[in-house]
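*Asks:* Dropping the structure in here first, questions after.
In UniProt numbering, the protein residues as written are 1 to 241.
In structure tokens:
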């Protein structure tokens with residue numbers, strides 16, 4: 001079992017290696033949109049690991065249970081040599097009981113990441129799942145949303161290409177047609193678009209952007225200036241079936 005100080009040393013090393021790996025990833029030349037998306041996902045992976053290591057490191061330094069303080073005291077007290085040989089014995093005993101246990105250096109993991117970046121396998125070239133229509137993030141695949149839309153009561157039936165040019169023009173739909181089914185359609189559309197953005201821009205904080213949009217809508221709603229929803233309609237959308 002690692003000591004508290006060894007855990008701290010390891011997390012410090014990991015953070016330094018992660019920063020170095022992120023810099024190299026950002027400097028690596030991307031020759032296609034696919035490579036750009038994959039690179040952003042690798043960066044997201046490295047960044048998440050960095051944040052996790054930092055959180056654990058902070059917890060160790062806070063030393064809420066006092067274990068770190070006790071460990072430092074045992075290493076700096078009058079019996080430091082006795083403590084050293086005691087720990088050495090523990091290590092030897094461990095490997096005597098587990099002779100096949102192999103300690104893999106941290107550098108190996110980062111070497112593998114570098115190799116995957118320079119010479120990606122087929123698996124590493126397809127880090128994100130996209131439908132054929134999405135063309136690995138180049139295009140939207142709104143077929144399911146389209147089917148939901150054209151089945152809404154009172155909605156003009158249009159072809160898919162026409163729908164792609166108008167799906168974001170929600171204010172053109174008369175308020176009397178914005179029923180409960182219309183609300184379900186909106187939820188489906190928002191969920192798909194959010195999911196799509198998360199796949200092509202994994203470093204983007206989509207939740208924060210959505211919250212900003214919600215705040216803006218709520219402010220304009222109170223003022224009665226939301227396009228397609230005059231103030232006198234009140235909370236019609238939230239009250240429909």
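Glycine included, each C-beta is placed from N, C-alpha and C at the ideal position.
Tell me the DSSP secondary structure of residue 155 in three-state form.
*Replies:* In this structure, residue 155 counts as coil in the three-state DSSP scheme.
*Asks:* Mind the definition here: the stretch 142–159 touches the stretch 174–192 only if three or more C-beta pairs lie below 8 Å; say whether that holds.
*Replies:* Judged by Cβ distances under 8 Å, the stretch 142–159 makes contact with the stretch 174–192, as three or more pairs qualify.
*Asks:* Buried or exposed: where does residue 100 fall if 16 or more other Cβ atoms within 10 Å of its Cβ makes it buried?
*Replies:* Exposed: under 16 other Cβ atoms inside 10 Å.
*Asks:* In whole angstroms, what separates the C-alpha of residue 9 from that of residue 15?
*Replies:* If you take the alpha carbons of residue 9 and residue 15, they lie about 10 Å apart.
*Asks:* State the start and end residues of the unbroken alpha helix (DSSP H) segment that holds residue 9.
*Replies:* Taken as a continuous stretch (DSSP letters only), the alpha helix (DSSP H) holding residue 9 covers 4–27.
*Asks:* Exposed or buried, residue 191, counting other C-beta atoms within 10 Å across all chains shown (16 or more means buried)?
*Replies:* It is exposed - the Cβ of residue 191 has fewer than 16 other Cβ atoms within 10 Å.
*Asks:* Among 161, 30, 18 and 105, which one has its Cα closest to the Cα of residue 118?
*Replies:* Nearest C-alpha to residue 118: 30.
*Asks:* Tell me whether residue 225 sits in a helix, a strand or coil according to DSSP, three-state version.
*Replies:* Coil, per DSSP.
*Asks:* Would you grab the beta carbon distance between residue 25 and residue 43 for me? Rounded to a whole angstrom, and I think it's under 8 Å.
*Replies:* Their Cβ separation, rounded to whole angstroms, is 5 Å, which keeps residue 25 and residue 43 in contact under 8 Å.
*Asks:* Among 136, 197, 129 and 160, whose alpha-carbon lies nearest the alpha-carbon of residue 144?
*Replies:* Closest option to residue 144, Cα to Cα, is 160.
*Asks:* Output the distance between the C-alpha atoms of residue 72 and residue 82, rounded to the nearest integer angstrom.
*Replies:* Their backbone Cα atoms lie some 14 Å apart in a straight line.
*Asks:* Looking only at C-alpha atoms, which of 166, 205 and 126 sits nearest to residue 33?
*Replies:* The shortest Cα separation from residue 33 among 166, 205 and 126 belongs to 126.
*Asks:* Residue 27: buried (16+ other C-beta within 10 angstroms of its C-beta) or exposed?
*Replies:* It is exposed - the Cβ of residue 27 has fewer than 16 other Cβ atoms within 10 Å.
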